[in-house]
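As structure tokens, the structure follows; a few thoughts come after it.
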Amino acid sequence: MRLSIGQDMRMAQKQILAPRMIQSMEILQLPILELQERIEQELQENPVLELREEEPELPAEADSVDSREIPDAPTEGERELVINETTQNEDDFERLCNMDEECPEAFNESVSQSRGGIEEAAERKHDALANTPAHQQTLHDYLRDQLAWFDLDEATRAMAERIIYNLDPNGYLQGRLEDVLPPTASAEELELAQSALKLVQRLDPPGVGARDLRECLLLQVRPGQPFEEELRTLISDHLEDIEANRLPAIKRKTGWSIERIQEVVTELRRLNPKPGADFYEELVQPVTPDVYVEQDDSGRYVVRLDDARLPSLYISPYYRQLLAGGQAATEAREWIKRKINSAQWLIEAIEQRRQTLTKVAQAIVDHQTEFLNRGPEHIEPLKMQQIADKVGVHVTTVSRAVDDKWIQTPRGIFPLKRFFCGGTVGADGVEVAWDTVRMKLQELIDNEDKQHPLSDEELMAKMAEQGITVARRTVTKYRKAMRIPSSRQRRAWTEAADGHSSAEES
């Protein structure tokens with residue numbers, strides 16, 4: 001069957017872009033310590049790649065050249081020997097990052113490649129698996145990989161990915177589904193988002209993509225499961241009774257025996273209220289910032305990367321001259337081409353990582369100036385899509401850029417992902433970050449009179465006095481999400497504790 005011109009071009013593009021796309025994404029995602037190890041590995045395996053021990057002095061006429069320009073880069077003539085012209089477009093990196101959305105099959109390096117290309121790709125993949133430290137898979141990565149199982153149109157896939165990257169560490173979609181969409185979203189876009197959310201909620205682990213605990217637990221109840229109908233009834237109507245251990249109240253409302261209720265509750269406790277938490281287990285490891293924040297003379301916060309940790313790489317002049325001179329045998333020339341190509345791709349991928357991470361980090365810092373000036377309670381609502389729009393890249397590029405990266409600020413060291421949080425619109429129309437609401441709510445409850453705990457209505461009034469205007473139902477939602485008992489329960493626990501203390505004293 002004859003392919004169209006567009007299909008021919010697309011297949012040719014995949015042949016050229018697939019290896020470079022994979023390497024660029026891998027390099028962007030690596031934190032500084034893993035990138036150092038990757039460079040050391042490449043230096044050992046590729047004799048064409050060399051380490052510059054000392055920085056050479058630039059000639060006077062080169063003052064106008066960017067000091068960060070890739071050192072000892074090949075001439076245009078030499079580059080033509082090893083790199084296809086079509087890979088040198090300025091938009092290469094972004095096209096590479098977007099290829100997984102546009103052409104998922106482009107990751108398959110075996111498609112329409114020459115034997116040498118397949119062997120080289122297989123060699124790089126094997127070496128990476130054998131020598132690169134294991135990178136912990138995130139919940140977002142795990143969910144996104146599962147989308148490949150479904151035959152989706154581009155719009156649905158993109159919306160599902162947007163929802164996935166807005167999930168919190170526990171796997172919940174905090175707030176309303178509308179918050180994922182731009183303010184000007186149409187009814188069709190909302191309908192698409194609802195369809196995409198249902199798709200995400202079908203993924204593993206069960207319960208992911210829920211907007212509250214009740215929905216999370218209901219998503220985990222499967223047809224044919226023991227006590228299926230009873231579980232749905234308890235989750236839908238009696239979670240508060242279960243939390244307060246009011247089994248007689250459940251008995252009156254359902255007509256079930258206490259023994260049966262206890263059996264259903266036992267089954268309920270097998271469900272996972274935090275389906276995404278297993279992907280965020282804390283690892284005991286040193287924290288090394290990739291990005292540092294400093295204030296310039298004008299008071300603006302400016303980011304810089306820890307480039308001093310990365311060695312300066314260049315391509316061996318010996319091998320470049322050997323290739324350009326045409327004296328090597330054909331087989332040797334092909335080997336040198338592949339090694340020079342691999343080395344040049346690595347150098348350019350590291351430079352592109354530096355540029356992308358700098359732009360993304362600076363955009364985050366510009367948005368979170370109040371956080372840096374006044375503390376974590378002043379964090380602003382921020383989504384990855386906002387940074388992607390500001391920097392002009394795809395949201396997946398932002399996700400890879402901030403993944404497992406840390407930033408040193410005047411307020412301390414934080415993961416870059418710490419600066420992304422959802423928000424809610426208060427009664428006054430001002431958007432308030434969820435973190436701000438949670439921190440203030442916790443502060444009020446910690447400092448309340450334990451004999452007369454604050455009701456949700458009183459908490460709402462107290463928060464309004466401090467400039468956080470939210471509805472009472474919002475206070476209730478956050479309190480429950482933080483697993484803080486109601487004022488009645490808190491008072492009962494205080495009285496019980498006081499009674500226990502009095503009994504011990506007597």
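Note that my numbering numbers the sequence shown so that position 101 is 101, with each residue one more than the last.
Even for Gly, the Cβ is constructed at its ideal location relative to N, Cα and C.
Predicted, not measured: the structure shown is a model, and the values here were computed from it.
Next on the checklist: Relative to the C-alpha of D403, which candidate in Q29, Q23, I315 has its C-alpha closest?
Outcome noted: Position 403 of the sequence shown, counting from 1, holds the residue named residue 403. With distances taken between Cα atoms, D403 lies closest to Q29.
Checklist entry - With a Cβ-Cβ cutoff of 9 Å, do I508 and E370 count as a contact? => result Because residue 508 is not part of the residues shown, which for the chain are 1 to 506, the question remains open.
Checklist entry - Would DSSP call W345 helix, strand or coil? => result For the purposes of this step, residue 345 is taken as the residue at position 345 of the sequence shown. Reduced to three states, the DSSP call for W345 is helix.
Checklist entry - Where does R115 fall in DSSP's three states? => result Sequence index remark: in the sequence shown, residue 115 carries index 115 (1-based). With a pLDDT of only 41 at R115, under 50, the local geometry of the prediction cannot be trusted, and the value read off the model is given with reservation. Reduced to three states, the DSSP call for R115 is helix.
Next on the checklist: Could you tell me the alpha carbon to alpha carbon distance between A160 and E229, rounded to whole angstroms?
Outcome noted: In the sequence shown, counting from the first residue as 1, residue 160 sits at position 160. In the sequence shown, counting from the first residue as 1, residue 229 sits at position 229. About 30 Å.
Next on the checklist: In the DSSP output, what is S312 paired with across the bridge?
Outcome noted: Here residue 312 is taken as the residue at index 312 of the sequence shown, counted from 1. S312 is bridged to R52.
Item to check | Assigned exposure category for I350 - 16 Cβ within 10 Å defines buried | outcome: For the purposes of this step, residue 350 is taken as residue 350 along the sequence shown, with counting starting at 1. Classification of I350: buried, given that the 10 Å Cβ count is 16 or more.
Item to check | Within 9 Å, strictly: CB atoms of D290 and K405 | outcome: Numbered from 1 along the sequence shown, position 290 holds the residue referred to as residue 290. Numbered from 1 along the sequence shown, position 405 holds the residue referred to as residue 405. In contact: D290 and K405 (Cβ atoms closer than 9 Å).
Item to check | Alpha carbon of W256 to alpha carbon of P248, nearest angstrom | outcome: For the purposes of this step, residue 256 is identified with residue 256 of the sequence shown, where counting begins at 1. For the purposes of this step, residue 248 is identified with residue 248 of the sequence shown, where counting begins at 1. Whole-angstrom Cα-Cα distance: 10 Å.
Checklist entry - Is the beta carbon of T156 less than 9 Å from the beta carbon of A196? => result On the sequence shown, position 156 is the one that residue 156 refers to. On the sequence shown, position 196 is the one that residue 196 refers to. Closer than 9 Å, so yes.
Checklist entry - Which of helix, strand or coil does DSSP assign to L152? => result Counting from one through the sequence shown, the residue named residue 152 turns up at place 152. Coil, per DSSP.
Item to check | Same chain, Cβ closer than 8 Å to D141, five either side skipped, listed in chain order | outcome: Position 141 of the sequence shown, counted from the first residue, corresponds to residue 141. Counting only Cβ-Cβ distances below 8 Å, and skipping sequence neighbours, we find nothing.
Checklist entry - On the three-state DSSP scale, how would you describe W256? => result The sequence position of residue 256 within the sequence shown is 256, counting from 1. Coil, per DSSP.
Next on the checklist: Less than 9 Å between the C-beta atoms of A481 and D151, yes or no?
Outcome noted: Counting from one through the sequence shown, the residue named residue 481 turns up at place 481. Counting from one through the sequence shown, the residue named residue 151 turns up at place 151. Against a cut-off of 9 Å, the Cβ pair of D151 and A481 comes out as no contact.
Item to check | Alpha-carbon to alpha-carbon, V265 and Q386 | outcome: In the sequence shown, the residue the question calls residue 386 occupies position 386. In the sequence shown, the residue the question calls residue 265 occupies position 265. Their Cα atoms are separated by approximately 42 Å.
Checklist entry - Taking the DSSP output, what are the residues bridged to F414? => result By 1-based counting over the sequence shown, the position of residue 414 is 414. Paired residues: I407.
Checklist entry - Quick one: Cα of E465 to Cα of T476, how far? => result By one-based count along the sequence shown, residue 465 stands at place 465. By one-based count along the sequence shown, residue 476 stands at place 476. Looking at the two C-alpha atoms, the distance is approximately 18 Å.
Checklist entry - Looking at the structure shown, is L459 part of a helix, part of a strand, or coil, going by DSSP? => result Looking up residue 459 in the sequence shown gives position 459. Here L459 sits in helix by DSSP.
Checklist entry - For S186, is the classification buried or exposed, using 16 other Cβ atoms within 10 angstroms of its Cβ as the cut-off for buried? => result Counting from 1 along the sequence shown, the entry for residue 186 is found at position 186. Counting Cβ neighbours within 10 Å, S186 comes out exposed, since fewer than 16 surround it.
Checklist entry - Going by beta carbon distance, what residues of the same chain come within less than 7 Å of Q489, once the five residues before and after it are set aside? => result Taking the first residue of the sequence shown as 1, we reach residue 489 at position 489. So the qualifying residues of the chain are A244.
Next on the checklist: To the nearest angstrom, how far is the alpha carbon of V287 from that of M463?
Outcome noted: Start at 1 with the first residue of the sequence shown, and residue 287 comes out as number 287. Start at 1 with the first residue of the sequence shown, and residue 463 comes out as number 463. Answer to the nearest angstrom: the Cα atoms are 35 Å apart.
Checklist entry - Looking only at its own chain, which residues have a Cβ that is under 6 Å from the Cβ of D569, when we skip the five neighbours before and after it? => result With the chain covering only 1 through 506, there is no way to say anything about residue 569.
Next on the checklist: Using a 10 Å radius around the Cβ and a threshold of 16 neighbouring Cβ atoms, would you call N166 buried or exposed?
Outcome noted: Numbered from 1 along the sequence shown, position 166 holds the residue referred to as residue 166. Per the 10 Å Cβ criterion, buried.
Item to check | Option in R304, L231, A361 with minimal Cα separation from V391 | outcome: By one-based count along the sequence shown, residue 391 stands at place 391. Nearest option by C-alpha distance: A361.
Item to check | Of the listed residues I163, L192, P169, nearest to L180 (C-alpha basis) | outcome: Position 180 of the sequence shown, counted from the start, is the residue given in the question as residue 180. Correcting the residue type first, residue 180 is Val in the shown sequence and not Leu. Per the Cα distances, I163.
Checklist entry - What residues in its chain sit with their C-beta under 8 Å from that of Q146, if we drop five residues either side in the sequence? => result As a working note, residue 146 is residue 146 in the sequence shown. The residues are L203, D204.
Checklist entry - Do I250 and I235 come within 9 Å of each other at the CB atom, strictly closer than that value? => result Your numbering for residue 235 matches position 235 in the sequence shown. Your numbering for residue 250 matches position 250 in the sequence shown. No, Cβ-Cβ distance for I235 and I250 is not below 9 Å.
Next on the checklist: Below 8 Å on the Cβ atoms is my contact criterion, and I expect L49 with I315 to pass it. Report the Cβ-Cβ distance as a whole number of Å.
Outcome noted: As a first step, residue 49 is located in the sequence shown; it is residue number 49 there, counting from the start. As a first step, residue 315 is located in the sequence shown; it is residue number 315 there, counting from the start. The Cβ separation is near 7 Å, so the contact holds.
Checklist entry - Which residues in the same chain have their Cβ closer than 6 Å to the Cβ of E80, if we skip the five residues on either side of it in sequence? => result The sequence position of residue 80 within the sequence shown is 80, counting from 1. Low confidence applies here, because E80 scores a pLDDT of 46, under 50, leaving its location unreliable; read the following figure in that light. Same-chain partners within the cutoff: there are none.
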